[in-house]
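I have placed the structure first, in the form of structure tokens, so that the comments after it can refer back to it.
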Amino acid sequence: MNINKQEFFDKITFRDSLRLAMYDEMSEDDKVVIMGEDVGKYGGAYGATKGLLDKFGSKRVIDTPISEPTIVGTAIGAAMTGLKPIAELMYVDFFGMSMDQIGNQSAKIRYMFGGQISVPMVIRTQGGTGRSGGAQHSQSLESWIMYMPGLYLVMPSNPNDAYHLLRESIKTNTPTVFIEHKMLYNFTGSLDKNKKTIFGKANKVKNGNDISIITYSRMTNFALEAAKLLENNNISAEVIDLRTLNPLDKKTIIESVNKTNHALVLSEGHYTSGVASEITSIIFENCFKSLKRPVIRYTAEDTPVPVAPNLEQKYIPTIERIKQYCLDILN
Amino acid sequence: MNINKQEFFDKITFRDSLRLAMYDEMSEDDKVVIMGEDVGKYGGAYGATKGLLDKFGSKRVIDTPISEPTIVGTAIGAAMTGLKPIAELMYVDFFGMSMDQIGNQSAKIRYMFGGQISVPMVIRTQGGTGRSGGAQHSQSLESWIMYMPGLYLVMPSNPNDAYHLLRESIKTNTPTVFIEHKMLYNFTGSLDKNKKTIFGKANKVKNGNDISIITYSRMTNFALEAAKLLENNNISAEVIDLRTLNPLDKKTIIESVNKTNHALVLSEGHYTSGVASEITSIIFENCFKSLKRPVIRYTAEDTPVPVAPNLEQKYIPTIERIKQYCLDILN
Amino acid sequence: MNSKSNSILKDLYTTMKRIRVFEERVAELFVRGETAGTMLHLSIGEELGPACVTKAMQDGDTFTTHHRGHGIFLARGGNPDKMMAEIAGKKDGYCKGKGGSMHIADMNLGHLGANAIVGGGIPTVVGAALSYKYLNNNNVSIAFFGDGAMQQGILYESMNMASLWNLPVVFCCINNQYGMGTKIDDAVGIKDFSARAKSFGLDTLHINHLDAEKAFLDVKDLIERTRNDGPSFIEVECYRFFGHARKDKSPYRSEEEEVENRKFDPINFAKEKILADKILNANDILSLDKKISDEMDVSMKFAMESPVNEESEIFTDVYDENYSIESVDNKIRNILKINEYK
Amino acid sequence: MNSKSNSILKDLYTTMKRIRVFEERVAELFVRGETAGTMLHLSIGEELGPACVTKAMQDGDTFTTHHRGHGIFLARGGNPDKMMAEIAGKKDGYCKGKGGSMHIADMNLGHLGANAIVGGGIPTVVGAALSYKYLNNNNVSIAFFGDGAMQQGILYESMNMASLWNLPVVFCCINNQYGMGTKIDDAVGIKDFSARAKSFGLDTLHINHLDAEKAFLDVKDLIERTRNDGPSFIEVECYRFFGHARKDKSPYRSEEEEVENRKFDPINFAKEKILADKILNANDILSLDKKISDEMDVSMKFAMESPVNEESEIFTDVYDENYSIESVDNKIRNILKINEYK
Ligand SMILES: Cc1ncc(C[n+]2csc(CCOP(=O)(O)OP(=O)(O)O)c2C)c(N)n1
Ligand SMILES: Cc1ncc(C[n+]2csc(CCOP(=O)(O)OP(=O)(O)O)c2C)c(N)n1
Ligand SMILES: [Mg+2]
Ligand SMILES: [Mg+2]
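Protein chains in written order, with the numbering used here: chain A, 88 to 418; chain B, 88 to 418; chain C, 10 to 351; chain D, 10 to 351.
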């Protein structure tokens, strides 16, 4: 990539934004290291660390064996003793085997030890459907993390947020889980290094008056597409991209719904007991008086993810149906 | 225990109910085996398998090494090849290391393999606060499981349900997570072997007209105590014990709230993104028109569990505050 | 060279060749855009292990495989039509297209499932072997996995349990020298996997040659010992001829290395031995190969012609009972309906 | 016997004795109902390993412990007042009473934390050692764990990584023969833990005697080698004199076994050697013991008199920054307030 050209920043991929964020952070702070399976020579399963090994060497970009719990655990130990590790888990689905180190250790160390020490680490990982990865390579497990006090949880939807939020995630001393959607890596947008994304602040990506679509990660783009379609029906939808699920910017959600009086919560996770349940509760609780219709949560199905492409596509929310449910709510 | 005396059944502990359920099921079906850490000679960390080794021998009551992922994985393999294993995880907190086998394997095998095979196993485990076990031995992690399609989730509150639901959990071919609250083992009640608990049906443990308290597991008892206090204020609270979180008996919840027009959701899990969020959403969605006040969810705090007994006590819902919040809602 | 031995080698050759051609057709299916996704892990070059080990199995023996398991399954008798259809994500596949390449299974054949989690299927066979011991039948259960899985803790937990209970389990490591782009030297401190297995009390066998017949006989002995005496470990050294998955062009290794290593081809080795020992002549082999090629063409066609599955299939097979899963659409419609007159 | 050696043994005796008495006071604290809960895992009988290994550590070296870690921490210099207060769940404890016996830590002393998850603290030291290598200082990091943790997969993943990267890590197994009620023979197929470690490329040391001085010298050598040459494994055999936790009366083992094994007491052994070698006389020892006893009485008193912590402490230390955590009560009050006039 030729990062000296403005056009590079005008149309940068999500992937390159992430690479650049790590590049910049590593250049500024030599305590930042990357570790994970195939993050070095291979450049990351989805290419997000490509080039970093060449630039920073194998002491700072560390290829690990296929040992997820220990990758996270090692990052914890490094973070407690002076480094700022970015540990990559190739798929979010590998939370299954590493939740002890993530949820029982990194999230709780500061608390259990009475505030003696912080664990300044980032767990970068990748999730979601879209590539027929099947039930064990396509999940959305953010609700597990959102349930764990002590962890920040970041799920950006565009290159600018990806860049700034990853840098902030590395800088903060609180262990942070950073989940990238596999279908976003090739998604392009502009990046302005001066246009910092405020960590913990939701983004009103589209202003609107009739209904609020509250979402995050890849579904933000689905929501925007649906909002476009809704314009044809003379409906002006507001789209809120949460960006960070912890901290969660309740204020922006509530203000939006209090304005539009209608809400659709959109998530690629399962319906039951997912992030959408939490957001839905928050809206009902706080906008009970202003809501003209019940909040609707539109999510993936309550089944494992099927492999067959035709099933996988119907398994998650579709733009067409987002539009339709908005119309239904407003009816 | 002298199980020939009626009085034994009139006042049986939760622990003995569980033992008896396993005893009866193992007596009826020689494919049922128990495996886990210290389930044999030790009789289980909380005594729930005491005596079973003597009765059924070490081929059926199997002490395992301290290898949680493999305990679950071994149970899966056994379940796929003719046995009906009950795997004990000593603490629910050990989900952290075994969620791959629980959530990525047992829950999904049937689906991924197109319905070719079932995984008839039970994971019995134990959770909750009350013994100063600290952040890694006192969690309520049911929301992780509730989020995983393919798993039943059972959390009984009394000896009769414990007995019948455990037997049903063993009988069903769907992998079932059965979570016992550590403070319930010594809790007594009556057991009627003929009074079967319907799997998937919530229990209206107390009838009432003014407000519905929706809860499960140990908090059911807190709710009942609070309901008693509320009587003094001339308030009649209805208490619903969900018993199984998957299947979830939405109908009973909805009918109750549609009658009382007020609801408090009570859980020992965290506030954010927990089971309470799901129940709260369901009530708002389905009782939006009948609700006179917003639903309130009352839960443990959004922090790890502190060890100090005085802090631990304040960390979870208290009976006094349950009462108070009911009054506040009705005000 | 007696005729029994003759037929062993011929069998092994046929099995290996069928794997090779099957995988080539999968690659073609991919190129034609007919596979479900790109996560297709081919075992070209690694045929020896699957052929030898599955041939040493008996009725009722079971196994699990890793993500690179087509060859093992096919060698054990998997139906290539249904396999190919599953890989294409189609209705006629083994798992109705819901599992795909990485989650293929066949209970009738004792295939307890491929697994997309490295190491994920290993404890399954410990549990199966526990059943066999309990039920007092004489079966073994075999876990196949890659060298990468040697770095998954669950393997050692499983080895210990199998050893403690003296279970009829075979842990079979197909060591193709790579875990994705990471060479084995960059993944382990010490490469002697047998030493690891021995330290947990397992009987071991290390195959690092191309002689399939010899390998088969050694494996057969070991599996019979396992049936009676307890767990064992097999390492089969080989080389992953191509990229990790369909899109990987292996930029992390040199072309020379690849060319050099592809010379160690178990199929060529077997073919030459067959010719040298005059078990078959060149023409026989040509027509055998042709038969295999035709067979796999048919399978590929079968897969391409198989219909996709109905949308309603999303909702089946989640729970055992007739617990009907409400679609999200239904859930939403209900809520909208209830609140219609507000 | 030179005077340096004299002082080593005296030191080791003192350290072991301090552990013993500390643990006895914890037991007393429990009986008085002054501990936070019953999950108190005493290391009586197991003092040799903690004493020797911590004495061989240098400034800046770090360690993690398991749930039975009081002795290790105390031996490394832990303040018994603050330890006892933590075990009581009090404000003056190391972790403000929020961590308790199983989550005690002291960053100033390099104690990266006890852990209630068997094996949970093991990879931490691999990460610490990675830092040391990166930062180019000369420190080692040591994980202490029990024989039960030898059955946790994460240990082998950690050994492999330490070996692969040649990190200054010591894996120290305090083998007290039991994991709760399960005797080691019922937990492992093969008891030779050193063989396991060796197969992953680790230098090993097995201590199965009571001679603390000899053990210390061997450990010291090993740790110095680790500092320069890479990871190692120490197994210290001992016997858990009492139950697993405070309420366990060990019904799963015989009284004879206990009586027999309690004879192998490292403290008695050291005392007799001190007397035999005339390093101290009986009176010296009596007064030394008295001093220790007094010290621990003071600590116990300190713990009992320490106040409980304020309720507001529930909400601190969760996140690093001044991210204020809203209490559930606040959340509820807000919702009620917003909806007041409905
Ligand atoms: C637990 C887990 N970690 C990482 C991956 C991603 N991944 C898939 S295959 C693979 C390489 C596995 O190497 P190996 O076990 O040697 O098998 P091979 O691909 O060489 O057949 C990796 C890292 C995974 N699927 N599961
Ligand atoms: C992962 C995990 N599994 C189980 C337990 C419950 N448990 C606590 S201590 C213990 C025994 C551990 O034995 P060992 O490692 O030998 O240590 P010891 O208690 O003998 O010092 C068990 C099973 C736990 N805390 N963590
Ligand atoms: Mg490999
Ligand atoms: Mg022990």
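Ideal Cβ placement from N, Cα and C applies to all residues, glycine included.
Just so we're clear, the structure is a prediction, and the values are computed from it rather than from any experiment.
With DSSP run on the structure shown, which of helix, strand or coil describes M113/B?
Here residue 113/B refers to the residue found at position 26 of the second sequence. Note: M113/B maps to helix in three-state DSSP.
In whole angstroms, what is the alpha-carbon distance linking P172/B and D298/C?
Numbered from its first residue, the second sequence carries residue 172/B at position 85. Numbered from its first residue, the third sequence carries residue 298/C at position 289. Roughly 47 Å separates the two Cα atoms.
Please decide whether K195/A counts as near chain C, where near means a Cβ-Cβ distance under 9 Å.
Along the first sequence, one-based indexing puts residue 195/A at 108. No, because no Cβ of chain C sits closer than 9 Å to the Cβ of K195/A.
What residues does ligand 4 have around it, judged by CB closer than 6 Å to any heavy atom, in chain order?
G155/D, D156/D, G157/D, N185/D, Y187/D, G188/D
Measuring only from the beta carbon, is R271/C closer than 8 Å to any heavy atom that is part of ligand 3?
The residue you call residue 271/C lines up with position 262 of the third sequence. R271/C Cβ: outside cutoff for every heavy atom of ligand 3.
Chain D residues whose Cβ lies nearer than 7 Å to that of L170/A
For this step, residue 170/A is matched to residue 83 along the first sequence. Within 7 Å Cβ-Cβ: S140, Y143.
Between the stretch 161-179 of chain D and chain C, which residues of the former have a C-beta closer than 9 Å to a C-beta of the latter?
Q161, G162, I163, L164, Y165, E166, S167, M168, N169, M170, A171, S172, L173, W174, N175
Is there a C-beta anywhere in chain C that falls below 9 Å from the one on S208/D?
Within the fourth sequence, the letter at position 199 stands for residue 208/D. Output row for S208/D: interface = yes.
Three-state secondary structure assigned by DSSP to E56/D:
For the purposes of this step, residue 56/D is identified with residue 47 of the fourth sequence, where counting begins at 1. Three-state DSSP puts E56/D in coil, outside helix and strand.
Ignoring anything shorter than 4 residues or poking outside the stretch 257-333 of chain C, list the alpha helix (DSSP H) runs there in chain order.
264-271, 275-285, 291-314
At a threshold of 8 Å, does I149/B count as lining ligand 2 (C-beta to nearest heavy atom)?
The residue given as residue 149/B occupies position 62 in the second sequence. It does not: the Cβ of I149/B is nowhere closer than 8 Å to a heavy atom of ligand 2.
From the DSSP secondary-structure annotation, give me the bridge partner or partners of V120/B.
The residue you call residue 120/B lines up with position 33 of the second sequence. For V120/B, which the question treats as bridged, DSSP gives the partners P172/B.
Just mark Y178/B as buried or exposed, buried being the case when its beta carbon has 16 or more other beta carbons within 10 Å.
In the second sequence, residue 178/B corresponds to position 91, counting from 1. Classification for Y178/B: buried.
Of all Cβ atoms in chain D, is any one closer than 9 Å to the Cβ of G130/C?
Along the third sequence, read from residue 1 onward, the residue named residue 130/C stands at position 121. With 9 Å as the cut-off, G130/C does not count as an interface residue toward chain D.
Since F180/D sits in a beta bridge, which residues does DSSP pair it with?
As a working note, residue 180/D is residue 171 in the fourth sequence. In the DSSP output, where bridge partners are listed per residue, F180/D has A152/D, F242/D.
Using a 10 Å radius around the Cβ and a threshold of 16 neighbouring Cβ atoms, would you call E325/B buried or exposed?
Position 238 of the second sequence, counted from the start, is the residue given in the question as residue 325/B. Answer is buried; the Cβ neighbour count reaches 16.
Look up I327/B in the DSSP assignment and say whether it is helix, strand or coil.
Start at 1 with the first residue of the second sequence, and residue 327/B comes out as number 240. I327/B falls in the strand class under three-state DSSP.
Is there a Cβ from chain D that is less than 9 Å from the Cβ of A204/C?
Residue numbering aside, residue 204/C sits at position 195 when the third sequence is read from its first letter. True, the Cβ-Cβ gap to chain D drops below 9 Å.
Closest Cβ-Cβ distance between T191/C and chain A: below 9 Å?
Walking along the third sequence from the start, residue 191/C turns up at place 182. It does: the Cβ of T191/C has a partner Cβ on chain A nearer than 9 Å.
Compute every distance between the C-beta of G58/D and the non-hydrogen atoms of ligand 1, then say whether any falls below 8 Å.
Counted from its first residue, the fourth sequence places residue 58/D at position 49. Result no, Cβ not under 8 Å from ligand 1.
Does the beta-carbon distance from A363/B to T339/B come in below 9 Å?
In the second sequence, residue 363/B corresponds to position 276, counting from 1. In the second sequence, residue 339/B corresponds to position 252, counting from 1. Against a cut-off of 9 Å, the Cβ pair of T339/B and A363/B comes out as no contact.
Spatial distance of K351/D from L417/B (CA atoms)
The residue given as residue 351/D occupies position 342 in the fourth sequence. The residue given as residue 417/B occupies position 330 in the second sequence. Reliability fails at K351/D, whose pLDDT of 45 lies under 50, so the model's placement of it is uncertain and no value is given.
How is D297/A classed by DSSP in three states: helix, strand or coil?
The sequence position of residue 297/A within the first sequence is 210, counting from 1. Note: D297/A maps to coil in three-state DSSP.
Distance CB(D329/C)-CB(T259/B) smaller than 9 Å
Counting from one through the third sequence, the residue named residue 329/C turns up at place 320. Counting from one through the second sequence, the residue named residue 259/B turns up at place 172. Yes, these two residues count as a Cβ contact at 9 Å.
Along chain A, which residues have their Cβ under 8 Å away from the Cβ of V327/D?
Taking the first residue of the fourth sequence as 1, we reach residue 327/D at position 318. Near V327/D (Cβ distances below 8 Å), the residues of chain A are R197, Y198, P236, G237.
Consult DSSP for D227/C and reduce its assignment to one of helix, strand or coil.
Along the third sequence, one-based indexing puts residue 227/C at 218. If DSSP states are grouped into helix, strand and coil, D227/C belongs with the helices.
Looking at C-alpha atoms only, which residue of D212/D, D68/D, D195/D, I334/D is the closest neighbour of I153/B?
To locate residue 153/B, count along the second sequence from 1; it is residue 66. Nearest of D212/D, D68/D, D195/D, I334/D to I153/B, Cα basis: D195/D.
Please decide whether D298/D counts as near chain C, where near means a Cβ-Cβ distance under 9 Å.
To locate residue 298/D, count along the fourth sequence from 1; it is residue 289. No, no contact with chain C.
Please tell me whether, using a cut-off of 8 Å, the distance from the CB of I153/B to the nearest non-hydrogen atom of ligand 2 is below it.
Taking the first residue of the second sequence as position 1, residue 153/B is located at position 66. Yes, ligand 2 has a heavy atom inside 8 Å of this Cβ.
Contact between the stretch 156-166 of chain C and the stretch 93-110 of chain C: three or more CB pairs below 8 Å?
no
Given 8 Å as the limit, tell me if R249/C has its C-beta closer than that to any heavy atom belonging to ligand 3.
For the purposes of this step, residue 249/C is taken as residue 240 along the third sequence, with counting starting at 1. Result yes, Cβ under 8 Å from ligand 3.
Straight-line CA distance for N277/D to F250/D?
Locating residue 277/D in the fourth sequence gives position 268, where the first residue counts as 1. Locating residue 250/D in the fourth sequence gives position 241, where the first residue counts as 1. Their Cα atoms are separated by approximately 14 Å.
Helix, strand or coil at Y187/D [DSSP, three-state]
Walking along the fourth sequence from the start, residue 187/D turns up at place 178. Reduced to three states, the DSSP call for Y187/D is strand.
Do F82/C and A137/C have their C-beta atoms closer together than 9 Å?
Counting from 1 along the third sequence, the entry for residue 82/C is found at position 73. Counting from 1 along the third sequence, the entry for residue 137/C is found at position 128. Not in contact: F82/C and A137/C (Cβ atoms no closer than 9 Å).
Among residues of its own chain, excluding the 5 on either side of S114/B, which ones have a beta-carbon nearer than 8 Å to its beta-carbon?
As a working note, residue 114/B is residue 27 in the second sequence. Counting only Cβ-Cβ distances below 8 Å, and skipping sequence neighbours, we find nothing.
D389/B: beta carbon under 8 Å from a heavy atom of ligand 1?
What you label residue 389/B is simply residue 302 of the second sequence in a count that begins at 1. Checking every heavy atom of ligand 1 against the Cβ of D389/B, none is found closer than 8 Å.
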